[in-house]
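Asker: Numbering (our numbering), first residue to last: 4 to 439.
I am attaching a structure below and will ask some questions about it afterwards.
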Amino acid sequence: MCYSTRPVVPNPSIDLAFAMTAARSPFLVAAEARGFVHQCTDRDALDARLLEGPAVAYIGFDCTADSLHVGSLVQIMLLRLWQRTGNKPIVLMGGGTTKIGDPSGKDETRKLLTVDEIERNKTGIRRIFDRFLAFGEGATDATMPDNADWLDGLQYIPFLREYGRHFSVNRMLTFDSVKLRLEREQPLSFLEFNYMVLQSYDFLELARRHNCIMQMGGSDQWGNIVSGAELGRRIDNRTLFGLTTPLIGTASGAKMGKTAQGAVWLTDDRLSAYDYWQFWRNTEDEDVGRFLRLFTELPLDEIARLERLKDAEINHAKQVLATEATALCHGRAAAEAAQETARRVFSEGATGSALPTVSVPRSELERGLPAIELFVRAGLASSNGEARRLIRGGGARLNDAAITEETRSIGAADLNADGIIKLSAGRKRHALVKAS
RNA sequence: GGAGGGGUAGCCAAGUGGUCAACGGCAGCAGACUGUAAAUCUGCCCUCUACGGAGUUCGAAGGUUCGAAUCCUUCCCCCUCCA
């Protein structure tokens, strides 16, 4: 499962030689052309199977938070593509496996979540998928089962006897998720060691229950996916496929999905649509084409055209990327509002309605309050000290004029014609203050 | 159970009685340059501050000392090897 959502770095050493025969099934054609495919088990057989008719595939997500961030977006877009090309996607909630914690990509054991927390997280994650997939009972409608349904009731001894014997510890020790921990001398508990066993079992269970033929996920999940496919073959003599997406990082090698405030979340209670738009707007030049293919649904020839833009021109492509990506996640209206706000803020130096706004009681404003405090309240600084340093460094501005004095007080006199005060931290982060 | 090694700020990591709020690197923030990009350079990067300082930090709790991240005691946790 791609339960792990850590930021990742591209690995140029793995070059996919998919040059052999062109895929024919709509899903594989699109997935390969758009850069979703990193590795695939028996790709030609999969292609043939997809040509026969709709198929079922799944990706698993851990419920470790009540939202997901861009680290999971490739997987989400892949499921969406799967559905759009006439197949049935399963979003497997790891309600059961979350009680274990995926060791992949982590040095430390994840803290165990309570059952209540897991339930809350599931609801939050469902909200995201509702935007990207069509759920229902139809042949290609998405469903969202929870592996707690079958994992919770497992009996230890019967499970070991029936399934445990198909797993070789020797082999498990060679998997990256395990190997890394061991090499770095980081603890790996038996509990976590079992994660891949359960994930493999999930695959088998979904194959039996929903005739699921493929599991997809991030490339760090390859080992887990393959071992699930193998389990299906050994026990049920089923042909199961696996497909992984490449690790998505920025061209300059940085991990993706971090901004000033932390992770780039997909829900607007954690990250506003405007900030989400900004995240995409600030994509590196070299990433524009790749991101357009992965994170928007524009036709490939149009992307090719946008990608060819050079120098300042490429900013147009970045705007398209930002608006399209935001539209998928937050709706077209919010995306366009974000774009309009950005245009006004950056091109005209004006304000825009999508900027974060704080209101301050009029009486307090009449009295005047320290600029430092206002920056903290507006969320532009996390402590007084940080606000102070911002001013010292020359990065704090009040209505577009640099604040030079740390002791500067802000009051009603600073309200502009519209009754608003605009605060800025650096060139990009802005907030509005209104009297209430 | 035995022997050895280790737990330092978001991460990695130096420090092993005072000059330590703690070298260095990464990540992050701001400034310059630009194109709201990257790269580069500069500053910041525990909290508070009337900028003179003050307060809390180095797994936890005690203790020694004028003074401890550094020494002692107990406890917790991790790693390696042995049984």
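All residues carry an ideal CB built from backbone N, CA and C; glycine is no exception.
Which word fits Arg284, buried or exposed, when buried means at least 16 other C-beta atoms lie within 10 angstroms of its C-beta?
Answerer: Counted from its first residue, the first sequence places residue 284 at position 281. Classification of Arg284: buried, given that the 10 Å Cβ count is 16 or more.
Asker: For Phe178, name the three-state secondary structure that DSSP assigns.
Answerer: Translated into positions along the first sequence, residue 178 becomes position 175. Correct three-state label for Phe178: coil.
Asker: Please report the straight-line C-alpha distance between Leu154 and Ala337, rounded to a whole angstrom.
Answerer: The residue given as residue 154 occupies position 151 in the first sequence. The residue given as residue 337 occupies position 334 in the first sequence. Between Leu154 and Ala337, the C-alpha separation is close to 40 Å.
Asker: Under the assumption that Val363 contacts His433 (Cβ atoms under 8 Å), give the Cβ distance between them as a whole number of angstroms.
Answerer: Within the first sequence, the letter at position 360 stands for residue 363. Within the first sequence, the letter at position 430 stands for residue 433. Actually they do not touch by this definition, with Cβ atoms about 16 Å apart.
Asker: Considering only the beta carbon of each residue, do Ala381 and Leu426 sit closer than 7 Å?
Answerer: By one-based count along the first sequence, residue 381 stands at place 378. By one-based count along the first sequence, residue 426 stands at place 423. Contact flag set, yes.
Asker: At the level of alpha carbons, what is the spacing between Arg391 and Lys91?
Answerer: As a working note, residue 391 is residue 388 in the first sequence. As a working note, residue 91 is residue 88 in the first sequence. Taking the straight line from one Cα to the other gives about 54 Å.
Asker: For the candidate residues Asp152, Leu84 and Lys182, whose alpha-carbon lies nearest to that of Leu136?
Answerer: Residue 136 sits at position 133 when you count from the first residue of the first sequence. Among Asp152, Leu84 and Lys182, the Cα nearest to that of Leu136 is on Leu84.
Asker: Going by alpha carbons, who is nearest to Ser230 out of Ser171, Cys215 and Asp47?
Answerer: Translated into positions along the first sequence, residue 230 becomes position 227. With distances taken between Cα atoms, Ser230 lies closest to Ser171.
Asker: Anyone know if the C-beta pair for Leu303 and Leu358 falls short of 7 Å?
Answerer: Mapped onto the first sequence, residue 303 falls at position 300. Mapped onto the first sequence, residue 358 falls at position 355. Result no, Cβ atoms of Leu303 and Leu358 do not sit closer than 7 Å.
Asker: To the nearest angstrom, how far is the alpha carbon of Arg296 from that of Gly221?
Answerer: The count along the first sequence starts at 1 and reaches residue 296 at position 293. The count along the first sequence starts at 1 and reaches residue 221 at position 218. Distance between the alpha carbons of Arg296 and Gly221 is about 17 Å.
Asker: In whole angstroms, what separates the C-alpha of Asn318 from that of Arg311?
Answerer: The count along the first sequence starts at 1 and reaches residue 318 at position 315. The count along the first sequence starts at 1 and reaches residue 311 at position 308. Going by the C-alpha atoms only, they are around 12 Å apart.
Asker: Taking the alpha-carbon positions, what's the Leu377 to Thr344 distance?
Answerer: Translated into positions along the first sequence, residue 377 becomes position 374. Translated into positions along the first sequence, residue 344 becomes position 341. Taking the straight line joining both Cα atoms gives about 22 Å.
Asker: Compare the beta carbon distance of Leu269 and Tyr61 with 7 Å and say whether it is the shorter of the two.
Answerer: Position 266 of the first sequence, counted from the first residue, corresponds to residue 269. Position 58 of the first sequence, counted from the first residue, corresponds to residue 61. Not in contact: Leu269 and Tyr61 (Cβ atoms no closer than 7 Å).
Asker: Unbroken alpha helix (DSSP H) runs of length 4 or more, entirely within the region 36-81: which are they?
Answerer: Qualifying alpha helix (DSSP H) stretches, in chain order: 46-55.
Asker: Check whether the Cβ atoms of Gly398 and Gly429 sit closer than 7 Å, and answer yes or no.
Answerer: Residue 398 sits at position 395 when you count from the first residue of the first sequence. Residue 429 sits at position 426 when you count from the first residue of the first sequence. Yes, these two residues count as a Cβ contact at 7 Å.
Asker: Measuring CA to CA, which of Ala48, Phe162 and Ile306 is closest to Lys321?
Answerer: What you label residue 321 is simply residue 318 of the first sequence in a count that begins at 1. Nearest option by C-alpha distance: Ile306.
Asker: Between which two residues does the alpha helix (DSSP H) containing Met199 stretch?
Answerer: Looking up residue 199 in the first sequence gives position 196. Start and end: Tyr198 to His213.
Asker: Would you identify the three-state DSSP class for Leu163, choosing helix, strand or coil?
Answerer: Looking up residue 163 in the first sequence gives position 160. Here Leu163 sits in helix by DSSP.
Asker: Within a Cβ cutoff of 8 Å, which residues of the same chain sit near Leu95, ignoring the five residues on either side of it in sequence?
Answerer: The residue you call residue 95 lines up with position 92 of the first sequence. The residues are Met4, Tyr61, Ile62, Gly63, Phe64, Met147, Pro148, Asp149, Asn150, Asp205 and Leu209.
Asker: As a quick exercise: from Thr88, Gln342, Arg184 and Ile406, pick the residue whose alpha carbon is nearest that of Pro373.
Answerer: Counting from 1 along the first sequence, the entry for residue 373 is found at position 370. Checked all of Thr88, Gln342, Arg184 and Ile406; the closest Cα to Pro373 is Ile406.
Asker: What does the alpha-carbon distance come out to for the pair Phe294 and Leu191?
Answerer: By one-based count along the first sequence, residue 294 stands at place 291. By one-based count along the first sequence, residue 191 stands at place 188. C-alpha separation (whole angstroms): 35 Å.
Asker: For Glu369, I'd like the list of residues in its chain whose CB is within less than 8 Å of its CB, leaving aside the five on either flank, ordered along the chain.
Answerer: Position 366 of the first sequence holds residue 369. If we look at Glu369 and ignore the five residues flanking it on each side, its Cβ neighbours are Gly414 and Ala415.
Asker: Please confirm whether Ala34 and Asp50 have their CB atoms less than 7 Å apart.
Answerer: As a position in the first sequence, residue 34 is number 31, starting the count at 1. As a position in the first sequence, residue 50 is number 47, starting the count at 1. Not closer than 7 Å, so no.
Asker: Please classify Ile160 as buried or exposed, where buried requires at least 16 other C-beta atoms within 10 Å of its C-beta.
Answerer: Against the first sequence, residue 160 aligns to sequence position 157. So Ile160 ends up on the exposed side.
Asker: Is Val267 helix, strand or coil when you go by DSSP?
Answerer: Sequence index remark: in the first sequence, residue 267 carries index 264 (1-based). Three-state DSSP puts Val267 in coil, outside helix and strand.
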